[in-house]
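Engineer: In UniProt numbering, the protein residues as written are 1 to 120. Provided herewith is a single structure, encoded as structure tokens, for subsequent inquiry.
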């Protein structure tokens, strides 16, 4: 699953992941994502930090507080690469942090490290 309010980022990630043989679910913000996560139970979640309504930190925290999804890897996506941003991501339970703009390789490496059966 890719959660990002930027259509460009969502589509780029979708193209990279589909080319690698992954099934991709897209969400525009945290509220949209939470509804879809319950229905589709993704293997891995990429979550933008800066989003309207429910930001990435809040979204990640809600995912990790749910017993059904606690073990689902959440990878934060952000254009900020500061130590504070990374630390805050860890505090809410994120498993990794990718800086935008990400490359196809960095995206697929993240998937391979958490869900190796997903990448062909």
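Don't be surprised by glycine CBs; every beta carbon is placed ideally from N, CA and C.
Using 10 angstroms around the beta-carbon of residue 18, count the other beta-carbons present and answer buried if the total reaches 16, otherwise exposed.
Structural biologist: exposed
Engineer: Taking the alpha carbon of residue 42 as the reference point, which residue from 55, 52, 27 and 53 has its own alpha carbon closest?
Structural biologist: 27
Engineer: If residue 93 and residue 47 are in contact, beta carbons under 8 Å, what's the gap, nearest whole angstrom?
Structural biologist: In this structure residue 93 does not touch residue 47 by the C-beta definition: roughly 11 Å separates them, more than the 8 Å allowed.
Engineer: Are the beta-carbon atoms belonging to residue 122 and residue 29 less than 7 Å from one another?
Structural biologist: Nothing can be reported for residue 122, as the shown portion of the chain is limited to 1 through 120.
Engineer: Looking at the strands, I want to know which residues DSSP matches up with residue 96.
Structural biologist: 75
Engineer: Excluding five sequence neighbours on each side, which residues of the same chain lie with their C-beta closer than 7 Å to the C-beta of residue 53?
Structural biologist: 29, 30 and 31
Engineer: Does DSSP classify residue 22 as helix, strand or coil?
Structural biologist: coil
Engineer: Going by CA-CA distance only, name the one from 100, 22, 66 and 11 that's closest to residue 80.
Structural biologist: 100
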